[in-house]
Amino acid sequence: MSSVVLVIALVVGVVALASGAWGAWLWWRFDARGSYWIAVRVTQTGALALALAAGAVWVSGADPTSWLFWLYSLMPVAISLVAEQLRLIAAEQVLERRGLDGAADVALLDEAGQRGVVREIVRREIGVMATSALVIAFLALRVTVERGGL
868 MSSVVLVIAL VVGVVALASG AWGAWLWWRF DARGSYWIAV RVTQTGALAL
918 ALAAGAVWVS GADPTSWLFW LYSLMPVAIS LVAEQLRLIA AEQVLERRGL
968 DGAADVALLD EAGQRGVVRE IVRREIGVMA TSALVIAFLA LRVTVERGGL
């Protein structure tokens, strides 16, 4: 069981690292590719798989030598949930900062202004998700470095 958990953690770590690096690159370039969101969802699915693997360890009765195993393997799901909440408020923050009350105010802007608002919102969302992917990568790779405490 421990080798399965370590393989899952390694795969999640590598996928999350790639997703985070790609997101950081897109954020840096102000590039909003729709395909990036697939990488984000794959990373989140991997985080869930790692948590389920930790649950299987618990059900099997294995006793990791360190409580850090539980922290490193369960925290990625919490990070994903927090990142989603931060992503949801990105639009509100951008609109508030620009003095806009909502979509009706954005519709009153010229086309370039509307694009600017949308671009800034998407850039902020990508930044949040890229950061969360890098944190998930760190935690998943810590499971492998610590050998999962198994």
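Counting with the numbering used here, you get residues 868 to 1017 for the letters of the sequence shown. Cβ coordinates follow ideal geometry from the N, Cα and C atoms, glycine included. Please read all numbers here as calculations on a predicted model, not as lab measurements.
Opening and closing residue of the alpha helix (DSSP H) in which residue i lies
i, result
"L953", "935-955"
"L873", "869-896"
Buried versus exposed call for residue i [16 or more other C-beta atoms within 10 Å across all chains shown]
i, result
"I993", "buried"
"L893", "buried"
"L975", "exposed"
"R906", "The question names Arg, yet the displayed sequence has Ala at residue 906. Classification of A906: buried, given that the 10 Å Cβ count is 16 or more."
"S947", "buried"
"G922", "exposed"
"F897", "exposed"
Nearest neighbour of residue i, chosen from the options [CA to CA]
i, options, result
"A916", "A885, G901, V872", "V872"
"L967", "R954, V984, Q952", "V984"
"V878", "D898, S902, T910", "T910"
"V1002", "V882, S869, R990, I875", "V882"
"A950", "A914, T932, V926, A970", "A914"
"V995", "G980, E963, A957, L1008", "A957"
"R908", "G887, V926, A921", "G887"
"E987", "P943, I875, A899", "A899"
Three-state secondary structure assigned by DSSP to residue i
i, result
"A916", "helix"
"S902", "coil"
"G969", "coil"
"G983", "helix"
"E959", "helix"
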